[in-house]
Amino acid sequence: MRKTNPPDPEPVRVDAVALVQTSGKSIPVVARELGVSEQALRTWCNRTAIDAGQGPPGALTSEERSELTRLRRQVRVLEQEREIRNKAAACFAQETS
-4 MRKTNPPDPE PVRVDAVALV QTSGKSIPVV ARELGVSEQA LRTWCNRTAI
46 DAGQGPPGAL TSEERSELTR LRRQVRVLEQ EREIRNKAAA CFAQETS
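Start counting the sequence shown at -4; every next residue gets the next number (the working numbering).
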């Protein structure tokens, strides 16, 4: 079974990104100092840049990403409800035939 680490609290992420931006140290050095993975710190830095409007064109901000997740979940629920209604309608149609 794969071990997953719990997500780091938001203040830790903010402080880590600020340290990368202000210290002049590279991401691998700061990651080692803080005891976080280099990839996690790189992801935090990239997301911070995107949220600040400095990311690549078309990149989703954190707010847009969470809204997209919420809307996809809502679509899934609505599709399930529609499927249930269609099955119920088919059952009622068979009973009356």
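Beta carbons are placed, not taken as given, at the ideal position from N, Cα and C, and that holds for glycine.
All values reported here derive from a predicted model rather than from experimental measurement.
Per DSSP, the unbroken alpha helix (DSSP H) holding Leu14 starts and ends at Glu5 to Ser18. For Thr56, the three-state secondary structure derived from DSSP is coil. Setting aside the 5 residues that flank it on each side, Asp46 is surrounded in the same chain by Thr56 and Ser57, each with a C-beta closer than 7 angstroms to its C-beta; the list follows chain order. For Val25, the enclosing alpha helix (DSSP H) covers residues Ile22 to Leu29. Going by DSSP, Gln34 is part of the alpha helix (DSSP H) stretching over Glu33 to Asp46. In the structure shown, Gln49 adopts coil according to DSSP, grouped into three states. Pairing Ser18 with Val7 gives a Cβ-Cβ distance that is not under 8 angstroms. Classified as exposed, Leu63 has fewer than 16 neighbouring CB atoms from the shown chains inside 10 Å of its CB.
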